[in-house]
């Protein structure tokens, strides 16, 4: 990962969402991207040019565009029509982004289009985010990683964020080994990042 004077950046073409440029690099704003926030908190998952990523909840393509600056391929899943329009523009400008208008809760609908990946990046507003991660684990290579951005208020507003995190971690153990967790304050309130490794068959 590239930092310039302590700022996380990526090397692609600018002008995707009005991001600043620094010494010819795109500034990866931690207030706009939970991936960048995690890195600024010293807990990030490094990505590089040999990796393939399945991105669940691609939205307008803000973070997708930065991830695509680093990796070989990004399979970007988004269900909402309006964000998909912006995502298509990101894909037009970056030939390694594969936009998929699909529901992350139904991976069978895009399974024919996605090859095995090194990382699942999940950023969806859904009450059962653990279930989505488990359903999509089939795409991960042996030892592949899940990086889930848990929006606790989207899961259950009646419970504390800590309780939601604990319940999600317990559910994930059905298919993953949890490696680390991190709250994303001060960048994103009531959001937690979860890093997990897919369990090998029979483990």
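Residue numbers (our numbering): 18 to 220.
By construction, the Cβ of each residue, glycine as well, lies at the ideal position given by its N, Cα and C atoms.
Small disclaimer: the values here were computed from a predicted structure and weren't measured.
Item                                                                                                                         : Value
Local Cβ density within 10 Å of residue 196, reported as buried at 16 or more and exposed below that                         : exposed
9 Å Cβ cutoff, residue 119 in contact with chain B                                                                           : Included in the structure is just one protein chain, with no chain B present.
DSSP bridge partner residues for residue 43 (one or two, in chain order)                                                     : 27, 38
Integer Cβ distance of residue 14 from residue 211, believed to fall under 8 Å                                               : For residue 14 there is no data in the structure shown, the boundaries of the chain being 18 and 220.
Selection from 24, 156, 178 that minimises the alpha carbon distance to residue 123                                          : 156
Buried or exposed by the 16-neighbour rule on C-beta atoms within 10 Å, applied to residue 40                                : exposed
Segments assigned beta strand (DSSP E), at least 3 residues, entirely inside the segment 52-110                              : 69-73, 90-95
Bridge partners - residue 22, DSSP secondary structure assignment                                                            : DSSP lists no partner for residue 22.
For residue 195, the first and last residue of its enclosing alpha helix (DSSP H)                                            : Premise fails: residue 195 lies in the beta strand (DSSP E), 193-200, not in any alpha helix (DSSP H).
Cβ-Cβ distance between residue 69 and residue 167 below 9 Å                                                                  : no
Supposed contact pair residue 118 and residue 149 - C-beta distance, whole angstroms, cut 8 Å                                : In fact, because the Cβ distance is near 16 Å, the residues do not count as touching under 8 Å.
Beta carbon of residue 151 nearer than 9 Å to that of residue 193                                                            : yes
For residue 214: DSSP bridge partner residues                                                                                : 162, 194
CA-to-CA distance, residue 116 to residue 108, given in whole angstroms                                                      : 7 Å
Neighbourhood of residue 30 by C-beta distance below 7 Å, restricted to the same chain and skipping five residues each side  : 110
Neighbourhood of residue 103 by C-beta distance below 7 Å, restricted to the same chain and skipping five residues each side : 77, 78
Start-to-end residues for the alpha helix (DSSP H) that takes in residue 151                                                 : 146-153
Residues bridged to residue 167 (per DSSP)                                                                                   : 209
Residue 20 to residue 45 span [Cα, whole Å]                                                                                  : 10 Å
Per-residue burial, residue 177 [other beta carbons within 10 Å of its own, 16 or more giving buried]                        : exposed
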